[in-house]
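Presented below is the structure to which this report refers.
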Amino acid sequence: MPRPIGWISTLSKDGIGNLAPYSQFQNVSYDPPMVLFSANRRQSGEPKDTVRNAQDSGEFVWNMATFAQRDAVNRSSQDYPFGVDEMEKIGLERLPSTLVKPARVADSPVHFECRYMQTVSLPGNGAGAVDVVFGRVIGIHIDDRAFDAEGRIDIVRLRPLARLGYLDYTSVESKFTMVPPHRDPSSISDMEGPQGAQRPVRTASLA
Ligand SMILES: Cc1cc2nc3c(=O)[nH]c(=O)nc-3n(C[C@H](O)[C@H](O)[C@H](O)COP(=O)(O)O)c2cc1C
């Protein structure tokens, strides 16, 4: 089944950037907005750089990964030594964030600026473990090119990337709309958040 890509940028204690994809990524809640990503520890038992940086700095950024960015996403997964900045290595343009220090991938049409909340470390096989990192979304950026003529996010045009099994991927190329039975479409706060929360905003701070 498709899993959205958490293309996560972080900053080390020494101020060096890091970028890596995590397909074990999801939203947890819309009120308040929270997300998680899950990182398998290395063979050595060490946490991955993204986890280390998020914990040390208390911040991370989710960058929407699109079909057009698929090669860069793939390349950013290379296991460079700690302290190597993947955005620099790959030649990705960056944008400063507004509320947190890690940079954003300039070409991504949507970004979530996140404040690190906590890590739940689950036991794995043998010496392994899985670090599930939770963050609260404190700021959202949506590029103008993401909106259709009615001011709604045109998700099909953005083609967000998702990971399948094996080494297969897909992207959002179609959608359909369904209204729950006996419901007024304007009153779906239990599905999307409080009234108005689903209205598009071009740049929003949720802090
Ligand atoms: C599309 C994609 C999805 C990935 N998803 C995960 C994941 O969910 N969890 C994980 O531990 N590693 C995942 N990886 C591997 C990491 O990206 C890789 O280990 C990377 O080097 C980690 O970088 P970091 O140490 O800078 O955080 C994925 C790789 C790709 C290409």
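Residues in the sequence shown are numbered consecutively from 991, following the working numbering. Positions of the beta carbon are idealized from the N, C-alpha and C atoms, including for glycine. Predicted model only: the values in this text are computed from it and were never measured.
Which whole-angstrom value describes the C-beta separation of P1011 and S1067, a residue pair presumed to lie in contact below a C-beta threshold of 8 Å?
About 5 Å separates the beta carbons of P1011 and S1067, which is inside the 8 Å limit, making them a contact pair.
What would DSSP say about L1151, mapped onto helix, strand or coil?
Here L1151 carries a strand assignment [DSSP, helix/strand/coil].
Let me make sure I understand the geometry here. Which of N1030, V1123 and D1004 has the alpha-carbon closest to that of F1072?
Comparing Cα-Cα distances from F1072 to each of N1030, V1123 and D1004, the minimum goes to D1004.
Where K1038 falls, given that 16 or more other Cβ within 10 Å makes a residue buried
By the 10 Å Cβ count, K1038 comes out buried.
Leaving out five residues before and five after P1190 in sequence, what residues of the same chain have Cβ atoms less than 8 Å from its Cβ?
At P1190 the pLDDT is 43, less than 50, meaning the model places this residue with poor confidence and gives no usable figure here.
Please state if the CB of M1054 and the CB of S1019 are separated by a distance shorter than 8 Å.
No.
Backbone secondary structure at V1100 - three-state DSSP:
DSSP places V1100 in strand when its eight states are reduced to three.
Assign M1077 to buried or exposed, taking buried as 16 or more other Cβ atoms, counted over all protein chains shown, within 10 Å of its Cβ.
So M1077 counts as buried.
Let's see if you can read the secondary structure: which residues bound the beta strand (DSSP E) around D1138?
That residue, D1138, is in no beta strand (DSSP E); it is neither H nor E in DSSP.
How would you label P1092, buried or exposed, when you count the other beta carbons within 10 angstroms and need 16 or more for buried?
Buried.
Does the beta carbon of T1109 fall short of 7 Å from some heavy atom of ligand 1?
Because no heavy atom of ligand 1 lies under 7 Å away, the Cβ of T1109 does not count as near it: no.
Candidates V1090, A1062, R1094 and L1089, of which the one nearest I1080 by Cα
When only C-alpha atoms are compared, the closest one is A1062.
Is any non-hydrogen atom of ligand 1 found closer than 7 Å to the C-beta of T1056, if you look at the structure I gave you?
T1056 Cβ: outside cutoff for every heavy atom of ligand 1.
When DSSP labels each residue in this structure, what does D1121 get in the three-state scheme?
Reduced to three states, the DSSP call for D1121 is strand.
Would you kindly report the start and end of the unbroken beta strand (DSSP E) that includes V1025?
DSSP places V1025 in the uninterrupted beta strand (DSSP E) bounded by P1023 to N1030.
Through-space distance from I998 to R1094, alpha-carbon basis
Cα to Cα, R1094 sits roughly 9 Å from I998.
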